[in-house]
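J.: Handing you this structure, nothing more for now.
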Amino acid sequence: FLFLASGTVAAVLAGTDGLVVAEGGVGAINLPYVASQRGTESTRAMHPRTLRMFSEIVTALTGSSFMVDAPYVTTTKAELIGLTSAAADEVLSHTVSCDSGFSARVIDRAPCGRCTSCILRRLSLVAAGRPAIDRRLPYRHQAPGTPEFAAMAWQALRLRRCLDDVDPWARLTMEFPELIHLDGLLGQDQVLRLYDSYAGEFKAYLKSLGIERQWM
271 FLFLASGTVA
281 AVLAGTDGLV
291 VAEGGVGAIN
301 LPYVASQRGT
311 ESTRAMHPRT
321 LRMFSEIVTA
331 LTGSSFMVDA
341 PYVTTTKAEL
351 IGLTSAAADE
361 VLSHTVSCDS
371 GFSARVIDRA
381 PCGRCTSCIL
391 RRLSLVAAGR
401 PAIDRRLPYR
411 HQAPGTPEFA
421 AMAWQALRLR
431 RCLDDVDPWA
441 RLTMEFPELI
451 HLDGLLGQDQ
461 VLRLYDSYAG
471 EFKAYLKSLG
481 IERQWM
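Final position of the sequence shown in the working numbering is 486; the numbers increase by one with none missing.
So this is what it looks like as structure tokens:
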């Protein structure tokens, strides 16, 4: 809410009627990795429903139509990276995805490598064919074998099984009922394509680690 509010203030002062956020779909929707992940353990800061509600709040407060737009909400992080040219690699190498790397406020602090944000970044760079971006600051830990990695792999497996069902949408919403909050915001085909791409990217990451599973 704080970051959306700050961006909105800047947008309004600049005389615009909207704010663009660049979060990818997997992070924005943020399906739980395990069944026990509930409530505040699953951020909804960039969820399409949150952005719509925030847009309505700003519209009501200003008296003018205002829209927070997330143009990449049906795109994976790997696909977002693929939209950039190799000329951007040096800049991307200085970005931070780690849950603890930036918050520590330590210059050139190496990312942990084991949090879900680090793992998502790593698999996305591999799937995009750009793993060299992370060579500037080697990770402090390797992901395989950690609880976070296991949770993400378990989610990817469940996604793949749902998507391979004869009725993928019905199976997917039964496995992840949180998807009902996307009703009227994203189409079923868009959501299915998003997670089909993501499951494929996770498989590519497993293969790069030499631990590819037949069920993926």
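Glycine included, every Cβ here is placed at the ideal spot set by N, Cα and C.
Using the Cα positions of P421 and G333, report the straight-line distance between them to the nearest angstrom.
T.: For this step, residue 421 is matched to residue 151 along the sequence shown. For this step, residue 333 is matched to residue 63 along the sequence shown. A small correction: the amino acid at residue 421 is Ala; Pro does not occupy that position in the sequence shown. If you take the alpha carbons of A421 and G333, they lie about 44 Å apart.
J.: Please go through the stretch 394–471 and give each complete alpha helix (DSSP H) segment of 4 or more residues, from N-terminal end onward.
T.: Correct list: 417–433 and 438–445.
J.: Near W439, which residues of its chain fall below 6 Å by C-beta distance, leaving aside the five closest residues on each side in sequence?
T.: Your numbering for residue 439 matches position 169 in the sequence shown. The residues are Q458.
J.: Within 10 Å of its beta-carbon, does L272 have 16 or more other beta-carbons around it, so buried, or fewer, so exposed?
T.: Locating residue 272 in the sequence shown gives position 2, counting from the first residue. With fewer than 16 other Cβ atoms within 10 Å, it is exposed.
J.: Use the C-beta contact count for K473: other C-beta atoms within 10 angstroms, 16 or more gives buried, fewer gives exposed.
T.: Translated into the one-based positions of the sequence shown, residue 473 becomes position 203. Result: buried.
J.: Report, in whole angstroms, the separation of the C-beta atoms of S394 and E471, which I expect to be a contact under 8 Å.
T.: As a working mapping, residue 394 is identified with position 124 in the sequence shown. As a working mapping, residue 471 is identified with position 201 in the sequence shown. With a Cβ gap of about 7 Å, S394 and E471 count as contacting.
J.: Considering only their Cβ atoms, is the gap separating R430 from A469 smaller than 8 Å?
T.: The residue given as residue 469 occupies position 199 in the sequence shown. The residue given as residue 430 occupies position 160 in the sequence shown. Going by C-beta atoms, A469 is nearer than 8 Å to R430.
J.: Does the beta-carbon of E326 have 16 or more other beta-carbons within 10 angstroms, so that it is buried, or is it exposed?
T.: Locating residue 326 in the sequence shown gives position 56, counting from the first residue. Exposed is the call here.
J.: Looking only at its own chain, which residues have a Cβ that is under 7 Å from the Cβ of D437, when we skip the five neighbours before and after it?
T.: Mapped onto the sequence shown, residue 437 falls at position 167. Nothing meets the Cβ criterion.
J.: Three or more C-beta pairs under 8 Å: does that hold for the stretch 375–386 against the stretch 335–348?
T.: No, they do not touch.
J.: Please classify I389 as buried or exposed, where buried requires at least 16 neighbouring CB atoms within 10 angstroms.
T.: As a first step, residue 389 must be located in the sequence shown, where it is residue number 119. It counts as buried.
J.: Among I403, L462 and L274, which has the Cα closest to the Cα of E360?
T.: For the purposes of this step, residue 360 is taken as residue 90 along the sequence shown, with counting starting at 1. Per the Cα distances, I403.
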